[in-house]
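**Q** Once you've had a glance at the structure underneath, I'll fire off some questions.
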């Protein structure tokens with residue numbers, strides 16, 4: 040842009056030459072240019088803008104422009120008469136229309152936009168084949184031909200082949216049915232009979248031979264015949280779980296659990312008819328009454344606070360000892376009591392020793408035996424209790440399923456599948472576990488597609 | 004003996020020069036601690052001190068102070084040293100007494116001969132319970148199976164994880180919760196031929212995937228034809244050596260089969276499994292009908308509990324209602340399917356045996372099937388020819404064909420022999436019980452039921468047929484209807500709608516609960532409580548046996564009175580109790596209140 044302006048100013052100065060192209064330059068105007076770089080190389084020479092080179096370049100430009108003017112305008116423009124260069128513009132209707140049309144074309148929406156409009160103005164492509172059969176005439180003639188042939192009893196080849204296939208079908212592919220566990224057609228047999236096919240092959244052979252040749256299966260250890268838990272396989276639900284229970288059963292089994300199920304920690308928090316009604320009416324009625332109540336409550340609280348505040352300053356400073364700690368006096372008294380007890384016991388013991396030593400020994404023994412019996416019973420009870428409890432078999436502890444209780448207006452629910460699964464866990468047959476969580480290694484990146492973004 | 008590290012040898016233990024001259028005249032030790040001491044790096048003070056203290060307090064014959072004036076003591080010392088063959092290491096022993104003290108402190112019981120007495124040192128976790136158990140992952144690796152395969156194998160073989168008594172010992176000192184198995188169990192699993200089949204299957208899957216990946220369809224076909232399969236027969240025999248063992252474990256098998264037979268065919272499990280379960284379940288139901296062995300029914304919110312007495316064994320099972328399933332997400336279907344796989348095999352063999360015990364055909368044949376086959380068009384609209392057999396069987400309306408036609412001789416009563424050591428009273432009671440049982444079995448004999456289309460057909464048909472009743476339903480409802488609604492000989496029609504228009508004279512219209520309650524009460528209950536639209540009495544659980552002094556609901560009292568043959572009218576809910584109940588209600592939740600007020 041700098042160069043251009045400079046040229047413009049120079050062209051103002053000399054009116055002798057009128058350039059057709061912006062690069063055309065009056066050779067008379069000489070613009071001083073800085074010499075750039077050394078000229079000891081070819082590149083330097085080329086770049087050199089010394090006065091000779093500049094002159095040469097400008098003359099070349101000038102001559103080029105002259106030829107261009109001669110070619111275009113039939114002579115130098117400077118020498119042309121005015122009429123040859125200008126005309127009076129009266130304006131034409133035709134020209135305006137064309138511009139309008141051009142504008143119209145420009146204003147017209149693009150085809151793609153039209154297509155993408157919700158109510159496309161572009162008509163759906165016509166399905167030509169819906170009312171025109173390709174090769175219709177030929178097909179019709181062929182059909183007529185085959186009809187004529189059929190009257191004579193000649194059928195096309197494909198038809199003939201179909202007929203023959205129908206008459207003598209190929210033998211079905213012999214595929215042996217799956218012999219495995221899931222074959223519904225498999226035949227069962229008496230597995231507990233003496234001559235069952237499982238053991239038929241081994242009957243009458245030498246046991247030692249069978250064992251050494253590993254033909255006989257390894258005997259199942261007896262320990263495995265015992266199940267890990269003595270709980271019944273199907274635990275019948277409590278009578279409250281009946282679909283139509285008695286009121287008492289429902290109460291015993293479910294009444295208190297219903298509240299737990301509904302996540303109310305106490306019965307007081309469980310909804311009553313009144314609270315339910317209130318909840319439903321909430322916001323419908325003016326709550327002036329409530330406000331009054333609140334005010335009353337506030338007042339009461341203030342009163343209480345006052346009472347408390349009034350009492351505080353008059354209180355003596357708290358005793359330094361902690362609430363659970365005994366005082367010196369208490370300690371002393373306890374010690375004395377202990378001493379007394381000890382002395383009394385000692386005296387008693389002495390007396391017994393002197394008088395009823397034998398009997399007391401016997402009694403002691405009996406007492407000790409009783410104590411042992413008691414302990415044994417306690418131990419057994421504890422063991423029994425532990426036996427019934429599901430074992431801890433893994434990371435996750437078994438948890439009893441929530442007690443299922445039918446509320447008054449519900450369909451029966453509770454899944455047998457869930458019940459069975461939990462039962463297996465409870466009997467320690469399978470370890471409780473969590474479902475494996477899906478974890479993605481990398482974060483997902485969401486990108487809205489450009490086309491989609493433009494449409495919406 | 005492991006000598007303690009250098010730094011643990013306390014400096015003050017080095018024998019003074021006087022002691023180094025051994026009185027027994029043995030050669031001077033080549034590397035006595037005193038010679039070593041100067042070379043040794045000085046240990047950190049904190050480490051050295053306790054060892055020194057320990058040694059001081061330890062009454063060891065070797066730590067006799069060197070300045071001991073009595074020469075005999077030194078002599079004894081030397082003799083003892085040579086006897087034990089410690090030689091030059093004697094003083095090292097003294098140095099290591101810190102370790103010995105540690106061992107002693109821990110308790111001599113386990114330490115045994117370690118340290119002080121020489122011999123091998125016992126390492127931790129190399130005997131005892133630590134070696135009796137094996138973690139699941141180790142077991143899996145030992146068997147060279149993947150975790151799902153290992154799980155399957157354990158379920159099929161009936162080997163379950165075991166909780167050790169002292170987890171920390173078993174877990175090598177760690178307290179992390181792990182799944183343990185008994186090592187002997189896993190060793191037993193190593194002999195199982197199915198393990199090889201599992202491995203083969205893994206290879207098969209790999210080959211098949213490869214063939215598909217290479218688009219070698221021929222290879223894929225060939226592979227599929229040779230798919231490795233296995234049978235569980237030998238495991239059934241191994242786990243249940245006798246038939247009674249199998250019967251005792253039938254509860255699980257039946258519950259699972261009934262559950263799986265109700266699954267939709269949506270790909271949660273194989274369709275074949277569902278069909279097999281259905282077939283086995285229907286076969287068992289037909290056996291129960293034929294043997295009249297049903298005893299109790301209980302409609303619960305979970306499903307229907309049944310109890311039957313099969314060959315003297317009480318068998319309880321649960322069947323789900325025929326509602327749409329909502330598949331819970333926290334149930335492992337693979338585990339359940341594995342259990343079912345085993346139980347279907349078991350139930351197949353049990354059914355075979357049970358059918359043969361009654362002289363019935365197995366697979367079951369419907370009585371007079373020849374007639375049915377003559378007019379096959381009858382059931383056309385319900386099922387294809389391939390399915391119509393199972394459908395007819397599951398209709399439960401037809402009786403089964405016997406291998407040998409029953410003759411009159413079979414019905415002759417058995418002679419009764421008194422069991423030894425039984426008093427006349429006991430025998431009398433037994434006979435009475437027997438009679439009651441016989442009566443119970445013929446509860447619905449001679450009655451003709453008709454089931455309306457809104458009642459659950461299968462449980463009702465099953466129960467009615469179990470007690471000798473005849474049952475039918477609308478022809479358009481299900482295959483196997485034997486008579487029409489308009490049949491005048493119908494005695495009871497089971498309906499479940501508030502009122503019935505166009506009642507036919509000569510039959511009772513009853514709600515379905517009557518059937519269940521009658522079965523549990525072992526007598527046909529008075530019908531008035533069960534008319535359509537009437538508020539039903541509660542459905543009591545027959546599985547509850549009240550002890551002396553327990554609370555018995557008034558409805559049950561009424562029932563007991565009826566069973567005794569008394570007039571139940573005088574047993575009523577006392578007014579006082581009713582009032583108490585209402586009082587209790589006021590403190591209880593709203594929903595329960597609704598029930599009872601409704602009940603009143």
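Protein chains in written order, with our numbering: chain A, 40 to 495; chain B, 4 to 603.
In this text, a Cβ means the ideal position worked out from N, Cα and C, and glycines have one as well.
Given the structure is predicted, the values throughout are model-derived calculations rather than measurements.
Using a Cβ-Cβ cut-off of 8 Å, state whether residue 247 of chain A counts as contacting chain B.
**A** Judged by the 8 Å Cβ criterion, residue 247 of chain A is not in contact with chain B.
**Q** Straight-line CA distance for residue 337 of chain B to residue 251 of chain B?
**A** Taking the straight line joining both Cα atoms gives about 25 Å.
**Q** Please confirm if residue 450 of chain B has its CB atom under 8 Å from at least one CB of chain A.
**A** Judged by the 8 Å Cβ criterion, residue 450 of chain B is not in contact with chain A.
**Q** Could you give the C-beta distance for residue 513 of chain B and residue 495 of chain B, rounded to a whole number, given that I count them as a contact under 8 Å?
**A** Rounded, the Cβ-Cβ distance is 6 Å, consistent with contact.
**Q** Are at least three pairs of beta-carbons, each pair with one atom in the stretch 285-294 of chain B and one in the stretch 258-268 of chain A, less than 8 Å apart?
**A** Contact fails: fewer than three Cβ-Cβ distances are below 8 Å.
**Q** Any heavy atom of the ligand HEM within a distance shorter than 7 Å of the CB on residue 146 of chain B?
**A** Ligands are entirely absent from the displayed structure, and the ligand HEM is therefore not among its contents.
**Q** Measure the alpha-carbon distance for residue 124 of chain A versus residue 113 of chain A and round it to whole angstroms.
**A** Their Cα atoms are separated by approximately 11 Å.
**Q** Label residue 316 of chain A either buried or exposed according to how many other C-beta atoms from any shown protein chain fall within 10 Å of its C-beta, with 16 as the threshold for buried.
**A** Its Cβ having fewer than 16 others within 10 Å, residue 316 of chain A is exposed.
**Q** Mind checking who residue 495 of chain B pairs with in its DSSP beta bridge?
**A** BP columns for residue 495 of chain B point to B/452 and B/511.
**Q** Would you identify the three-state DSSP class for residue 492 of chain A, choosing helix, strand or coil?
**A** Three-state result, residue 492 of chain A: helix.
**Q** Which residues in chain B have a C-beta closer than 8 Å to the C-beta of residue 470 of chain A? List them in chain order.
**A** 164 and 182, listed in chain order.
**Q** From which residue to which residue does the alpha helix (DSSP H) around residue 352 of chain B run?
**A** Start and end: 336-360.
**Q** Measure the C-alpha to C-alpha separation of residue 454 of chain B and residue 292 of chain B and round it to an integer number of angstroms.
**A** C-alpha separation (whole angstroms): 18 Å.
**Q** Residues of chain A with CB closer than 8 Å to the CB of residue 246 of chain B, please, in chain order.
**A** Those within 8 Å of residue 246 of chain B in chain A are 231.
**Q** Rounded to whole angstroms, what is the Cα-Cα separation between residue 63 of chain B and residue 377 of chain A?
**A** Interpretation of residue 63 of chain B is limited by its pLDDT of 41, a score under 50 that renders its predicted location unreliable; the figure taken from the coordinates is listed afterwards. If I take the Cα positions, the gap works out to 44 Å.
**Q** What number of angstroms, rounded off, separates the C-alpha of residue 160 of chain B from the C-alpha of residue 471 of chain B?
**A** Cα to Cα, the separation comes out at about 40 Å.
**Q** Going along the chain, which unbroken runs of the alpha helix (DSSP H) with 4 or more residues stay wholly within the stretch 170-196 of chain A?
**A** Here the runs fully enclosed are 175-191.
**Q** With three or more beta-carbon pairs closer than 8 Å as the criterion, would you say the stretch 342-357 of chain B touches the stretch 493-507 of chain B?
**A** No, the stretch 342-357 of chain B does not touch the stretch 493-507 of chain B.
**Q** Tell me the rounded alpha-carbon separation between residue 564 of chain B and residue 466 of chain B.
**A** Approximately 24 Å, taken between the alpha carbons.
**Q** Could you spell out where the beta strand (DSSP E) holding residue 555 of chain B opens and where it closes?
**A** Careful: residue 555 of chain B lies outside any beta strand (DSSP E) and carries neither H nor E.
**Q** Do the stretch 424-435 of chain A and the stretch 471-480 of chain A make contact, defined as three or more Cβ pairs closer than 8 Å?
**A** These segments touch.
**Q** Assign residue 290 of chain A to one of two classes, buried (16 or more other C-beta atoms within 10 Å of its C-beta) or exposed (fewer than that).
**A** Counting Cβ neighbours within 10 Å, residue 290 of chain A comes out buried, since at least 16 surround it.
**Q** Rounded to a whole number of angstroms, what is the C-alpha to C-alpha distance between residue 81 of chain B and residue 426 of chain A?
**A** Interpretation of residue 81 of chain B is limited by its pLDDT of 40, a score under 50 that renders its predicted location unreliable; the figure taken from the coordinates is listed afterwards. Using only the alpha carbons, I get a separation of about 59 Å.
**Q** Should residue 364 of chain B be flagged as near chain A, meaning a C-beta pair shorter than 8 Å?
**A** Not an interface residue.
**Q** Distance, Cα to Cα, residue 477 of chain B vs residue 559 of chain B?
**A** Spanning the two alpha carbons is a distance of roughly 35 Å.
**Q** Using the Cα positions of residue 484 of chain A and residue 155 of chain A, report the straight-line distance between them to the nearest angstrom.
**A** One C-alpha to the other measures close to 28 Å.
**Q** Would residue 135 of chain B pass as a contact of residue 186 of chain B if the rule is Cβ separation under 8 Å?
**A** A contact, by the Cβ cut-off of 8 Å.
**Q** State the start and end residues of the unbroken beta strand (DSSP E) segment that holds residue 286 of chain B.
**A** Per DSSP, residue 286 of chain B belongs to no beta strand (DSSP E); it is in the alpha helix (DSSP H), 274-294.
**Q** Is the CB of residue 296 of chain A under 8 Å away from at least one CB in chain B?
**A** Below a pLDDT of 50, predicted positions are generally treated as unreliable, and residue 296 of chain A, at 48, falls in that range; the measurement from the model is reported next regardless. No - not a single Cβ of chain B is within 8 Å of the one on residue 296 of chain A.
**Q** My assumption, with CB atoms under 8 Å, is that residue 274 of chain B sits in contact with residue 281 of chain B. Please give the rounded CB distance.
**A** Going by Cβ atoms, the distance from residue 274 of chain B to residue 281 of chain B rounds to 11 Å, so no, they are not a contact pair.
**Q** Going along chain B in order, which residues have a C-beta closer than 7 Å to the C-beta of residue 228 of chain A?
**A** Result: 355.
**Q** With 9 Å as the C-beta to C-beta threshold (strictly closer), list the residues of the stretch 235-261 of chain A near chain B in chain order.
**A** Answer in chain order: 235, 236, 237, 238, 253, 256, 257, 258, 259 and 260.
**Q** Does the stretch 297-307 of chain B come within contact of the stretch 315-325 of chain B, defined as at least 3 CB pairs closer than 8 Å?
**A** Touching, per the Cβ criterion.
**Q** At the level of alpha carbons, what is the spacing between residue 207 of chain A and residue 196 of chain A?
**A** In a straight line, the C-alpha of residue 207 of chain A is about 17 Å away from that of residue 196 of chain A.
**Q** At the level of alpha carbons, what is the spacing between residue 367 of chain A and residue 374 of chain A?
**A** Looking at the two C-alpha atoms, the distance is approximately 11 Å.
**Q** Give the interface partners of residue 467 of chain A over in chain B, defined as CB-CB distance under 9 Å, in chain order.
**A** 163, 164, 165 and 166, listed in chain order.
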